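Report on the structure given below.
2 protein chains.
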Amino acid sequence: MLLALDAMGGDHGPLETCSGAIMACEMFPDLEVALVGDTAAIEPLLKSVSSVARSRIHMVHAEEMISMDEPPAAAMRHKRHSSLRIAMQMIRSGEAAGCVSAGSTGAIVAGGVLVVGRIPGIDRPGLGVPLPAVDRISMLIDVGATVRCKPVNLYQFALMGDVYMRKVLGVQSPSIGLLSNGQEEIKGDELIIEARDLFRKSSLNFIGNVEGGGIPFGVADVVVCEGLTGNILLKFIEGTGEAIYSLIREEFNRRLLPKVGMVFMLPMLKDIWGRFNYENLGGTPLLGVNGAVIKAHGRSRAKAVCSALRVARDFVSKNGVSSIAEELSEGGTME
Amino acid sequence: MLLALDAMGGDHGPLETCSGAIMACEMFPDLEVALVGDTAAIEPLLKSVSSVARSRIHMVHAEEMISMDEPPAAAMRHKRHSSLRIAMQMIRSGEAAGCVSAGSTGAIVAGGVLVVGRIPGIDRPGLGVPLPAVDRISMLIDVGATVRCKPVNLYQFALMGDVYMRKVLGVQSPSIGLLSNGQEEIKGDELIIEARDLFRKSSLNFIGNVEGGGIPFGVADVVVCEGLTGNILLKFIEGTGEAIYSLIREEFNRRLLPKVGMVFMLPMLKDIWGRFNYENLGGTPLLGVNGAVIKAHGRSRAKAVCSALRVARDFVSKNGVSSIAEELSEGGTME
């Protein structure tokens, strides 16, 4: 299986993306990765690759790259030689089975729609992020692909999240919750009420409205919301982790006793941290486009890039895209 | 100053609300509290009150109460003898300077609009919750009074948050951020873009779009959003606190070493917890209604009820309501 990797995407550039690709090829003997980007920058990074992986790592030259602060749709249209666009074209042409990028979310979504194309019947794509909860991994969808939604968008996010949980993550009959400002029927606005009607008429395992407070407890396997809300929530989660870390460090430097205590607590804290660390969780699938497109965190280092490639490999090998397409053609559409 | 307390509101009933009122009256010699509720249930709870506070605690009988699961607007309209409605009528009649309730958010908002009435010029009220951030207290407004907003609603939330921070909390020239899915100008939807234009034309210290990740770091003194988003975020914050607590407890019971470590870390953890504990933060002002209406957390025990009464006392003594009204009449309205 060949996956295209946008080697120029993300905050740490080709050094980390290429190291992640090498790591993934050493881990999965069936995996080939095309490093799409500036070959002059990439080639020196491949010197130390073990011979077992080297033959499965390829280079595809791209003259341009899309930066984080460019208007994403325009960049995707005009930068025809950008690493992200070329990686996506490799899906479209059938050369690559999927692609991974740690680049701009907006550009990945725009490219997914413009270059890879939508699955027939899908109105808008959704980014579904796997979130660690107390007793499970929940998918929060959408976290920023579709800022404002119509009821049918929320319904299709639910449907795609359901397929992803079943086919790719192996969760039986995943529960679906609709994020609202209260569990009661009367809560929410017109969008939520109309979406709920669509969910009810479907064969989804729909458990009704869920509240923000339920997410950390894994109230549902799939939690559906508009992209604006999901994006704010996801970034809040990341920010909170960083803020708590900085607070603990600050308190730590001011006092002696916690340093002693920490020695005893380290194994426990490591376990808890391991559950919540995005480096282990890997990438965020862009669901609804006609190919396996996985977004990695912008700050991804090698390990996180490797995890994102693993997610893409799973998505491809478990036929995620065709499963969504089948589900839709079997009456999943509501329009 | 007389404050009306909905003695029947909240998960723990009159025992905790009355204890909170006693605590507050012992703390503030200028404070009188009217306990509105079932006097048969309240009277026995006042037996042990110190003589210094007893003369400032009054009882006002209410035959009914509004429960958490009633449709709030209908309950507020029809239950004319409910403790919450009577407490709010005491503001309207001028008997009470403000009121506090740990009851249903929806009923408090409905009562604020129907019974207390809006400040002239205010289109919709906003619940502004003080959130602890790394280096300050930020106000997140709205967290559920107005589920979906027009641009003018967001603008008025900003204006009211600004007045509250300046007049009540003493923050000079509070910075105002508009919560969006990215800092860039192109981010957001029509609502956010139109609201941003209103913010720009005003004299507010507007710093532009802010992201969810900035909130824990105190990116702005006032963070403005729609009620749906704010409510989901606020409940997520509360749920995360509970989930982390339960995870740590679980890990703790499984291992011996952390118990030893905890002895050393306790002072540090207590300090961090103290900063984030809602019991110390007190209540959430319902801004935009023509009186000091403070919502306490539904799970409030005596200490949190006491904090909410302190918040109401500050709001009244610093003329929060008339300051908002003046700000509006000085050209704050945009319609």
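Chains A and B, in that order, are what the protein sequence lines are. Going by the working numbering, the first sequence opens with residue 1, and the numbers climb by one from there. Going by the working numbering, the second sequence opens with residue 1, and the numbers climb by one from there. We put the beta carbon where it would ideally sit given N, CA and C, even for glycine. Just so you know, these numbers come straight off a predicted model, no measurement behind them.
#1: Could you tell me the boundaries of the alpha helix (DSSP H) in which residue 53 of chain B lies?
#2: Go ahead and pull the three-state DSSP assignment for residue 216 of chain B.
#3: What's the gap between the Cα of residue 335 of chain A and the Cα of residue 204 of chain A?
#4: Quick check on the burial criterion: 16 or more other C-beta atoms within 10 angstroms. Buried or exposed for residue 172 of chain B?
#5: If you run the structure through DSSP and keep just helix, strand and coil, what is residue 285 of chain A?
#6: Answer with buried or exposed for residue 27 of chain A, where buried requires no fewer than 16 other C-beta atoms within 10 angstroms of its C-beta.
#7: Does the distance from the C-beta atom of residue 157 of chain A to that of residue 224 of chain A stay below 8 Å?
#8: So for residue 167 of chain B, helix, strand or coil by DSSP?
#9: For residue 305 of chain A, does the three-state DSSP call read helix, strand or coil?
#10: Pull up the CB-CB distance for residue 107 of chain B and residue 130 of chain B, whole angstroms please, since I reckon it's below 8 Å.
#11: Using C-beta distances below 6 Å, list every residue in its chain close to residue 336 of chain A, excluding the 5 sequence neighbours before and after it, in chain order.
#12: In whole angstroms, give me the CA-to-CA distance for residue 303 of chain A and residue 88 of chain A.
#13: So, using beta-carbon positions, are residue 296 of chain B and residue 102 of chain B closer together than 8 Å?
#14: By DSSP, does residue 59 of chain A sit in helix, in strand, or in coil?
#15: What do you reckon, are the CB atoms on residue 342 of chain B and residue 40 of chain B nearer than 8 Å?
#16: Nearest chain B C-beta to residue 194 of chain A closer than 8 Å, yes or no?
#17: Note down, in chain order, every chain B residue with its Cβ under 7 Å from the Cβ of residue 130 of chain A.
#18: In terms of alpha-carbon separation, which member of B:219, B:143, B:64 lies closest to residue 125 of chain B?
#19: Which residues, in order along the segment 196–213 of chain A, keep a beta-carbon less than 9 Å from a beta-carbon of chain B?
#20: Strictly under 8 Å for the Cβ-Cβ distance: is residue 181 of chain A near chain B by that measure?
#21: Sort out for me which residues DSSP pairs residue 6 of chain B with in a bridge.
#22: Does the pairing of the segment 197–214 of chain A with the segment 188–204 of chain B give three or more beta-carbon distances under 8 Å?
#23: Let me make sure I understand the geometry here. Which of B:62, B:115, B:237 has the alpha-carbon closest to that of residue 94 of chain B?
#24: Would you mind stating whether residue 122 of chain A and residue 181 of chain B have Cβ atoms separated by less than 8 Å?
#25: Do the CB positions of residue 328 of chain B and residue 5 of chain B come within less than 8 Å of each other?
#26: Less than 8 Å between the beta carbons of residue 312 of chain B and residue 98 of chain B, yes or no?
#27: Using a Cβ-Cβ cut-off of 6 Å (strictly less than) and excluding sequence neighbours within five positions of residue 109 of chain B, which residues of its own chain qualify?
#28: Counting only beta-carbon atoms, is residue 148 of chain A nearer than 8 Å to chain B?
#29: What would DSSP say about residue 199 of chain B, mapped onto helix, strand or coil?
#30: By Cβ distance, which residues of its chain are closer than 7 Å to residue 148 of chain A, with the 5 residues on each side in sequence left out?
#31: For residue 108 of chain A, which of helix, strand or coil comes out of DSSP?
#32: Exposed or buried, what is residue 285 of chain B when buried is set at 16 or more other beta-carbons lying within 10 Å of its beta-carbon?
#33: From this set, A:2, A:29, A:47, A:30, which residue's C-alpha is nearest residue 19 of chain A's C-alpha?
#34: Do the CB positions of residue 83 of chain B and residue 52 of chain B come within less than 8 Å of each other?
#35: Does residue 10 of chain B get closer than 8 Å to chain A when you measure Cβ to Cβ?
#36: Which partner residues does residue 127 of chain A have in the DSSP bridge list?
Based on what the coordinates show:
#1: 51–54
#2: helix
#3: At residue 335 of chain A, the pLDDT of 41 sits below 50, so the modelled position is not reliable and the matter cannot be decided from this model.
#4: exposed
#5: strand
#6: exposed
#7: yes
#8: helix
#9: helix
#10: Actually they do not touch by this definition, with Cβ atoms about 22 Å apart.
#11: This structure cannot settle anything about residue 336 of chain A, because the visible part of chain A is limited to 1 through 335.
#12: 22 Å
#13: yes
#14: strand
#15: No statement about residue 342 of chain B is possible, as the shown extent of chain B runs from 1 to 335 and does not include it.
#16: no
#17: Those do not exist, as residue 130 of chain A stays about 16 Å from chain B at its closest Cβ, beyond 7 Å.
#18: B:143
#19: 211, 212, 213
#20: yes
#21: B:36
#22: no
#23: B:115
#24: no
#25: no
#26: yes
#27: 145
#28: yes
#29: helix
#30: 226, 228
#31: helix
#32: buried
#33: A:47
#34: no
#35: no
#36: A:286
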